[in-house]
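Asks: Just dropping this structure here.
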Ligand code: NAD
């Protein structure tokens, strides 16, 4: 695979820029590859290729687009070993987790979009009109590093199925797996220009993508700060914007749970796996004051199961942080928590060695007004907050600038009642698994718009009402 090229107009081409971005393996700090630090001229070429491909692609019947996406899924699956290696090397996530959550789960999502595409209401009869949902046009997809494949799939699959053409700009930290996906798209036989890959830094390419006159929509997943910057420039020419941003998600353990180990495993799988670098991670644990001590004891018993180590070692459940910058950010938040007066039940301020490893850190004695409880840390750092009664639990859960995700564990009827009161796009009750067909997205500063299933495909359509009942 040639990481030194860009994929534009159905061909692998050199970048107009002569600068490079080195991709570092955070487990051992070696440079795995380098990719072009693309520039505005690259974006311009990609936008022209995407715009040129649009008329034919939007006119292609949905059944044909679905058939091509089926071929893509076959090609995607055929690259599993390569993708597992690339994601492990660019992100540092452990082999088992990488295979299951970073790679294989993306087949499930792709399958789900393919299966649901025929049920998207592309034509809807109203009282005296017909509403058509048409492709938005050229979509710029900007994605983060924490699920380098997943965030890309969540955009390019629904966008292409709905008849849009795409320019993908993956994160500069983890661009390698996107090359393998581009090869899968190429091998599947998508028409030239329907999908284009441009690599580079958001700070340099973001403005070109979000202001280019041929770009109709910007679909952004990343930090709230980045999302605001992209939106501001995209709105100068009133482009459609969809945003999947950060979170500070609460996990509420209700009073009277008989076996704490079940909810604690659910919680740890959320805040610790992927080293806590998950937008939906349950980073605030809300527990009844009278049970805090017993719950903390159980967490201390279970936490050693979440071993931190080399991503290649099958025993490792957590790898390193994805980059030096992320390691330093998490370290500074652990220091901050101690300065703010919280106590570390487990974990410590990490020392830098070979690889950016951080042991799970659980803060107790946290007040929801502390910065560690309000700001997204994006590391294996949990804040334990106590509550006196259910109303207070709901109040604390909702006292956040974010509203992406939440979990409630306890007696089913009460858990459902509490879940309904939480201000978030997704709320998990007890052991319920996630559902790829459900809409995924955030309230408040966690985003605008939805991904997943039918709603995630509607996001990439524009409505047109035809008043068609006259002669
Ligand atoms: P980031 O905002 O730094 O970068 C995300 C992407 O945007 C990258 O491709 C980057 O190059 C680009 N970018 C950055 N600044 C830009 C700008 N001004 N203009 C245009 N593009 C710009 O985020 P990150 O550190 O890569 O990812 C972590 C963040 O992503 C966390 O906040 C996490 O919660 C969030 N996230 C959200 C979801 C979700 O679905 N809600 C999913 C995954 C990650």
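In my numbering, the protein residues as written are 99 to 569. Backbone N, C-alpha and C define an ideal beta-carbon position, used for all residues, glycine too.
1. Compute every distance between the C-beta of residue 279 and the non-hydrogen atoms of the ligand NAD, then say whether any falls below 7 Å.
2. Grab the span of the beta strand (DSSP E) containing residue 461 for me, first residue to last.
3. Considering Cα atoms alone, identify which of 376, 555, 390 and 350 is closest to residue 383.
4. Identify every residue that forms a DSSP beta bridge with residue 348.
5. For residue 296 versus residue 463, is the C-beta distance shorter than 8 Å?
6. For residue 246, which of helix, strand or coil comes out of DSSP?
7. If I follow the unbroken beta strand (DSSP E) through residue 505, where does it start and stop?
8. In the structure shown, what three-state DSSP assignment does residue 435 receive?
9. What does a CB cutoff of less than 6 Å around residue 99 pick up in its chain, not counting 5 residues either side in sequence?
10. Quick one: Cα of residue 335 to Cα of residue 309, how far?
11. Quick check on DSSP: helix, strand or coil for residue 220?
12. Taking only runs that begin and end inside the stretch 255-335, name each unbroken alpha helix (DSSP H) of 4 or more residues, in chain order.
13. Check each candidate in 280, 353, 569 and 207 and name the one with the smallest Cα separation from residue 491.
14. Quick one: what's got a C-beta closer than 7 Å to residue 117's C-beta in the same chain, skipping five residues either side?
15. Start and end of the beta strand (DSSP E) containing residue 404?
16. Can the beta-carbon of residue 478 be found less than 8 Å from the beta-carbon of residue 369?
17. Looking at the structure shown, is residue 528 part of a helix, part of a strand, or coil, going by DSSP?
18. Tell me whether residue 450 is buried or exposed, calling it buried when 16 or more other Cβ atoms sit within 10 Å of its Cβ.
19. The beta strand (DSSP E) that contains residue 369, what's its start and end?
20. Tell me, please, whether the stretch 424-443 touches the stretch 456-476 by the rule of three or more beta-carbon pairs shorter than 8 Å.
21. Beta-carbon within less than 6 Å of residue 207's beta-carbon, same chain only, minus the 5 sequence neighbours each way: which residues are those?
22. If we call anything under 8 Å between Cβ atoms a contact, is residue 480 one with residue 381?
23. So for residue 424, helix, strand or coil by DSSP?
Replies: So, from the listed chains and residues:
1. no
2. 459-462
3. 350
4. DSSP lists 382 as partners of residue 348.
5. no
6. coil
7. 503-507
8. helix
9. Excluding sequence neighbours, residue 99 sits near 277.
10. 7 Å
11. coil
12. 274-286, 300-309 and 322-333
13. 353
14. If we look at residue 117 and ignore the five residues flanking it on each side, its Cβ neighbours are 135.
15. Run containing residue 404: none; DSSP gives neither H nor E here.
16. yes
17. coil
18. exposed
19. First-last for residue 369: 359-369, but that is the alpha helix (DSSP H), not the beta strand (DSSP E).
20. Taking 8 Å as the limit for Cβ pairs, the verdict is that the stretch 456-476 does touch the stretch 424-443.
21. Beyond the five residues adjoining it in sequence on each side, residue 207 comes within less than 6 Å, by CB distance, of 251 and 534 in the same chain, given in chain order.
22. yes
23. In the three-state DSSP reduction, residue 424 falls in the helix class (H, G or I).
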